[in-house]
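A.B. asks: This is the structure, below, for whatever I ask next.
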Amino acid sequence: MNEWRELSGQSKQRWEQNAGYWDDYMGENSNRWHRELIRPATERLLDVQEGHMVLDIACGNGNFSRRLVELGANVVAFDYSAAMIERAKQRSEAFLDRIDYRTMDATSEEEWAKLATGEFDSAVSNMALMDIADITPLVRALGSCLKPGGTFVFSIPHPCFRPPGTRETYETEDRGGEVISRSVIHISQYSTPASSENIGIRGQPVPHFMFHRTLSDYVSLFCGVGFVLDGMVEPTFAKGSGASGKFEWDEIPPAVIMRFRKDDR
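In full-length UniProt numbering, the protein residues as written are 1 to 265.
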């Protein structure tokens, strides 16, 4: 599968530039997407139990790391942005006895080797794998880091419905004397892996890189190293919960959350 190792350095530099802006925007409670779409499904699939050791990959400002502690977990959390990890520590002073924050590059096999073998009950990555230029080292390393039967839960923008170049429109139609409104997406590619520059939050200092992979790319990578897909959620917003007259992701799922379990048979 095509990966983008040559863009790893640039990607990291851009997230260093964007870290403060993203942290200020996300704050303590993150945004609506995380609160209503990502977090509920992720928590169900992760099923954290008291005393679990959880690895939070590309943890950002530590919002979900802190939530994991509230659910009873002990956490090792890392991000390759040192600026973001510093922000996470500042926001997590009351949690630092349960969260070990580290600056670590998920594309580096050498850095993965520093994590203890079989230490973690589960791992999680919220809306981040699409920002990582090469996820092959991550996929391989998880097989060693997780305990037998351990799980990895991750969320990404739904690659079927949000590939590069997706155009969102909101349409109205007078049909049989009734005005029908609907949200529509227009896509022109899916099967071809691609890198693109994107604005996740308006006003961020620089665009960041995103890396489009198909669903089968993800499944093939994980199943190829002994994982099985045993959970998947495609969440949507509740109908009518968005701003009237604007595009709403209430029928088309904007994200997908997947759970892969380490198969030790």
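For glycine and all other residues, C-beta sits at the position ideal for the given N, C-alpha and C.
#1: Following the continuous beta strand (DSSP E) through S8, name the residue where it begins and the one where it ends.
#2: Near V228, what residues of its chain come up, given a Cβ to Cβ distance below 6 Å and the 5 sequence neighbours on each side ignored?
#3: Can you list, in chain order, the residues of its chain whose CB lies under 7 Å from that of A19, leaving out five sequence neighbours each side?
#4: Per DSSP, what kind of secondary structure is D97 in: helix, strand or coil?
#5: Apart from the five residues on each side of it in sequence, which residues of its chain come closer than 6 Å, Cβ to Cβ, to A141?
#6: How many whole angstroms separate the CB atoms of I257 and T107, which I take to be in contact at a CB cut-off of 8 Å?
#7: Closest to P159 by C-alpha separation, out of R14, P254, V48, V139, would be which residue?
#8: With DSSP as the reference, please indicate the residues paired to residue 274 in a beta bridge.
#9: Is the distance from the Cβ of R98 to the Cβ of V69 below 8 Å?
#10: In chain order, which beta strand (DSSP E) runs of at least 3 residues are fully inside the UniProt domain "Methyltransferase" (54-150)?
#11: Figure out for me which residue from M53, R167, P137 has the closest Cα to the Cα of D100.
#12: Do you know how far the Cα of D24 is from the Cα of S92?
#13: Using 8 Å for Cβ pairs, my map puts Q189 next to P163. What's the rounded Cβ distance?
#14: Specify whether the region 131-140 and the region 4-17 touch according to this definition: at least 3 beta carbon pairs, one from each stretch, less than 8 Å apart.
#15: Exposed or buried, which one is I57 when buried takes at least 16 other CB atoms within 10 Å?
#16: On the DSSP bridge assignment, give the partners of D174 in chain order.
#17: Between M258 and the ligand FMN, is there a pair consisting of the residue's CB and a ligand heavy atom that are separated by less than 7 Å?
#18: Buried or exposed, going by whether 16 or more other CB atoms sit within 10 Å of the CB of T192?
#19: Quick one: Cα of V139 to Cα of E109, how far?
#20: Would you kindly work out how many angstroms separate the C-alpha atoms of C145 and E119, rounded to a whole number?
#21: In whole angstroms, what is the alpha-carbon distance linking V219 and G143?
C.D. replies: Let me lay it out:
#1: First-last for S8: 8-26, but that is the alpha helix (DSSP H), not the beta strand (DSSP E).
#2: R261, D263
#3: S81, A83, M84, R87
#4: coil
#5: W112
#6: I257 to T107, Cβ: 22 Å. No contact.
#7: P254
#8: Here the chain has residues from 1 to 265 only, and residue 274 is not among them.
#9: yes
#10: 74-79, 99-103, 120-126
#11: M53
#12: 15 Å
#13: 6 Å
#14: yes
#15: buried
#16: V179
#17: By its list of ligands, the structure shown contains no ligand whatsoever, and the ligand FMN lies outside what it can speak to.
#18: exposed
#19: 10 Å
#20: 6 Å
#21: 14 Å
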